[in-house]
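Asker: If you scroll down you'll find the structure; I have some questions about it.
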Ligand SMILES: Nc1ncnc2c1ncn2[C@@H]1O[C@H](COP(=O)(O)OP(=O)(O)OP(=O)(O)O)[C@@H](O)[C@H]1O
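In UniProt numbering, the protein residues as written are 1 to 346.
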């Protein structure tokens, strides 16, 4: 359980500011997903924590120890960090047990202890009895489990994952979610998990940190990032939903009343005064009703088990809701709003 603290960390590559003044705490034993579009700086941030990159500015601490600051770096092998990459980086000529045991053997751990520990971690990743198998006889999912086991065997207080499921198909990715949960439960390590897959981030982590162009936009519990995104970029990146213009007509703290085309509904958020805002409308907060926002059905898509119904408002803005029986394209309906979130800022 090692607390990681990043303070104003920056890293530039030529003209690209890959990480831009990021301050972020990873409490001991937390499971944080670093989420963001390709090129937002997720991997660079992970590599800075691992020690493969040095910050141009800022400080990285593990507990009380400074592991990186401008001009001073603790090398990766001295940081006590386990890492699993997208490419499994296994030794093809060794069997599974040999690969998993490798970090212990290099430390001179005695044979019986190695065998016991290898069997233990193979069980955690669901590969009991696979020790004598050759790595090149294994599927992609099994190879990634071997890489996880090799990382676990060293029993580090910090584990870093860089898109570990990116090479696996959708079905396998889903089954691996349980393996990661089990790893977290058993080790209580501080886990940092890089992904560009928002569903994976929401399912796995107890905190999600959203990055864009090297900057940290929000760090919060997955449900908070989903329900109350810090800005329009986070709202657009996490989950489905539309952002529409609205007018605050009854200010408040926590809950206010907004007006969209003379239809009023409550929205979550803080607004001390009347005025223009933008509200996030997620599909599950909308449904067809007798009264509400007038809208025209522009298209429907079957998403199993529901149909996504896309609608145009009078302003030309588009919203979407899910329905088990889709209305016809061109039909005029009303939409009631049971949940809306005011995007902070303007
Ligand atoms: N060694 C490097 N040399 C030059 N530019 C780099 C280097 N590493 C990263 N970059 C640049 O820094 C930016 C952030 O890269 P990074 O790999 O951290 O992003 P990412 O969010 O992990 O993206 P992806 O999901 O595509 O891996 C990108 O513009 C990338 O091209």
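Cβ coordinates follow ideal geometry from the N, Cα and C atoms, glycine included.
1) Would you list, in sequence order, the uninterrupted alpha helix (DSSP H) runs of no fewer than 4 residues that lie entirely inside the stretch 256-329?
2) Taking the beta strand (DSSP E) that residue 335 belongs to, which residues open and close that run?
3) Using the beta carbon as the reference atom, which residues fall closer than 6 Å to any heavy atom of ligand 1, ordered along the chain?
4) What residue range is occupied by the uninterrupted beta strand (DSSP E) comprising residue 220?
5) Taking the Cβ atom as the reference point for each residue, do residue 18 and residue 195 lie within a distance shorter than 8 Å?
6) May I ask you to report which of helix, strand or coil DSSP gives residue 186?
7) Taking 8 Å as the cut-off, decide whether the C-beta atoms of residue 63 and residue 156 are in contact.
8) So for residue 82, helix, strand or coil by DSSP?
9) Assuming residue 49 is part of the alpha helix (DSSP H), what are its boundary residues?
10) Since I believe residue 145 is in contact with residue 125 (beta carbons under 8 Å), could you give me their beta-carbon distance rounded to a whole number of angstroms?
11) In whole angstroms, give me the CA-to-CA distance for residue 8 and residue 215.
12) With C-beta atoms as the reference, is residue 154 less than 8 Å away from residue 82?
13) Below 8 Å between beta carbons: does that hold for residue 190 and residue 212?
14) Using three-state DSSP, classify residue 10 as helix, strand or coil.
15) So, using beta-carbon positions, are residue 342 and residue 268 closer together than 8 Å?
16) In the DSSP assignment, find the unbroken alpha helix (DSSP H) run with residue 107 in it and report its ends.
17) Pull up the distance between the alpha-carbon of residue 176 and that of residue 129, whole angstroms please.
18) Suppose you measure from the CA of residue 203 to the CA of residue 220; what does that come to, to the nearest Å?
19) Let me check one thing: in DSSP terms, what residues is residue 212 bridge-paired to?
20) To the nearest angstrom, how far is the alpha carbon of residue 256 from that of residue 319?
21) Name the two residues that bound the continuous alpha helix (DSSP H) containing residue 53.
22) With distances taken Cα to Cα, identify the nearest neighbour of residue 24 among 209, 78 and 80.
23) Any idea what DSSP makes of residue 138, helix, strand or coil?
24) Please state whether DSSP places residue 100 in a helix, a strand or coil.
25) Nearest CA to the CA of residue 186: which residue from 96, 159 and 201?
26) On a CA-only basis, which of 240, 239 and 281 is nearest residue 258? Give me that one, please.
27) How many Å lie between residue 37 and residue 217 at the Cα?
28) Determine whether the beta carbon atoms of residue 271 and residue 249 lie at a separation below 8 Å.
29) Taking residue 124 as part of the alpha helix (DSSP H), name the residues at either end of that continuous run.
30) If you check the beta carbons only, do residue 49 and residue 59 fall under 8 Å apart?
31) Beta carbon of residue 51, beta carbon of residue 86: below 8 Å?
32) Report the option in 262, 182, 168 and 141 whose CA atom is closest to the CA atom of residue 120.
33) Looking only at C-alpha atoms, which of 246, 228, 174 and 325 sits nearest to residue 197?
Answerer: According to the structure shown:
1) None, since the stretch 256-329 contains no complete alpha helix (DSSP H) of that length.
2) Counting from one through the chain shown, the residue named residue 335 turns up at place 335. Start and end: 332-337.
3) The set, ordered by position in the chain, is 13, 16, 18, 36, 38, 39, 40, 41, 42, 43, 44 and 196.
4) By 1-based counting over the chain shown, the position of residue 220 is 220. Segment 215-220, the beta strand (DSSP E) holding residue 220.
5) Translated into positions along the chain shown, residue 18 becomes position 18. Translated into positions along the chain shown, residue 195 becomes position 195. Contact check for residue 18 against residue 195 fails: the beta carbons are separated by 8 Å or more.
6) As a first step, residue 186 is located in the chain shown; it is residue number 186 there, counting from the start. If DSSP states are grouped into helix, strand and coil, residue 186 belongs with the helices.
7) Counted from its first residue, the chain shown places residue 63 at position 63. Counted from its first residue, the chain shown places residue 156 at position 156. No; because the gap between Cβ atoms is not below 8 Å, this pair is not in contact.
8) Looking up residue 82 in the chain shown gives position 82. Here DSSP, grouped into helix, strand and coil, assigns residue 82 to strand.
9) In the chain shown, residue 49 corresponds to position 49, counting from 1. It spans 42-50 - the alpha helix (DSSP H) in which residue 49 sits, taken as one unbroken run.
10) Counting from 1 along the chain shown, the entry for residue 125 is found at position 125. Counting from 1 along the chain shown, the entry for residue 145 is found at position 145. 4 Å between Cβ atoms; contact.
11) Position 8 of the chain shown holds residue 8. Position 215 of the chain shown holds residue 215. Separation of residue 8 and residue 215 (C-alpha to C-alpha, rounded to the nearest whole angstrom) is 10 Å.
12) Walking along the chain shown from the start, residue 154 turns up at place 154. Walking along the chain shown from the start, residue 82 turns up at place 82. Yes, these two residues count as a Cβ contact at 8 Å.
13) Reading the chain shown from its first residue, position 190 is the one you call residue 190. Reading the chain shown from its first residue, position 212 is the one you call residue 212. No Cβ-Cβ contact shorter than 8 Å links residue 190 with residue 212.
14) The residue you call residue 10 lines up with position 10 of the chain shown. Collapsing the DSSP output to three states places residue 10 in a strand.
15) For this step, residue 342 is matched to residue 342 along the chain shown. For this step, residue 268 is matched to residue 268 along the chain shown. Cβ atoms of residue 342 and residue 268: closer than 8 Å.
16) If you number the chain shown from 1, residue 107 lands on position 107. Here residue 107 belongs to no alpha helix (DSSP H), and DSSP marks it neither H nor E.
17) Here the question's residue 176 lines up with position 176 in the chain shown. Here the question's residue 129 lines up with position 129 in the chain shown. Whole-angstrom Cα-Cα distance: 19 Å.
18) Your numbering for residue 203 matches position 203 in the chain shown. Your numbering for residue 220 matches position 220 in the chain shown. Taking the Cα positions, residue 203 is about 14 Å away from residue 220.
19) Taking the chain shown and counting its residues from 1, the one referred to as residue 212 is at position 212. For residue 212, the pairing in a beta bridge is given by DSSP as 215.
20) If you number the chain shown from 1, residue 256 lands on position 256. If you number the chain shown from 1, residue 319 lands on position 319. Distance between the alpha carbons of residue 256 and residue 319: 21 Å.
21) Here residue 53 is taken as the residue at index 53 of the chain shown, counted from 1. Unbroken run through residue 53: none, as it is neither H nor E.
22) Position 24 of the chain shown holds residue 24. With distances taken between Cα atoms, residue 24 lies closest to 209.
23) As a working note, residue 138 is residue 138 in the chain shown. Reduced to three states, the DSSP call for residue 138 is coil.
24) The residue you call residue 100 lines up with position 100 of the chain shown. In the displayed model, residue 100 falls within a helix according to three-state DSSP.
25) To locate residue 186, count along the chain shown from 1; it is residue 186. Among 96, 159 and 201, the Cα nearest to that of residue 186 is on 159.
26) Locating residue 258 in the chain shown gives position 258, where the first residue counts as 1. Of the candidates 240, 239 and 281, the residue whose Cα lies closest to the Cα of residue 258 is 281.
27) The residue you call residue 37 lines up with position 37 of the chain shown. The residue you call residue 217 lines up with position 217 of the chain shown. If I take the Cα positions, the gap works out to 12 Å.
28) In the chain shown, the residue the question calls residue 271 occupies position 271. In the chain shown, the residue the question calls residue 249 occupies position 249. Contact: no.
29) The residue given as residue 124 occupies position 124 in the chain shown. Taken as a continuous stretch (DSSP letters only), the alpha helix (DSSP H) holding residue 124 covers 111-124.
30) As a first step, residue 49 must be located in the chain shown, where it is residue number 49. As a first step, residue 59 must be located in the chain shown, where it is residue number 59. Cβ distance not < 8 Å, so residue 49 and residue 59 don't count as in contact.
31) Residue 51 sits at position 51 when you count from the first residue of the chain shown. Residue 86 sits at position 86 when you count from the first residue of the chain shown. No. Outside cutoff.
32) On the chain shown, position 120 is the one that residue 120 refers to. When 262, 182, 168 and 141 are compared, the shortest CA-CA separation from residue 120 is found for 182.
33) As a position in the chain shown, residue 197 is number 197, starting the count at 1. It is 174.
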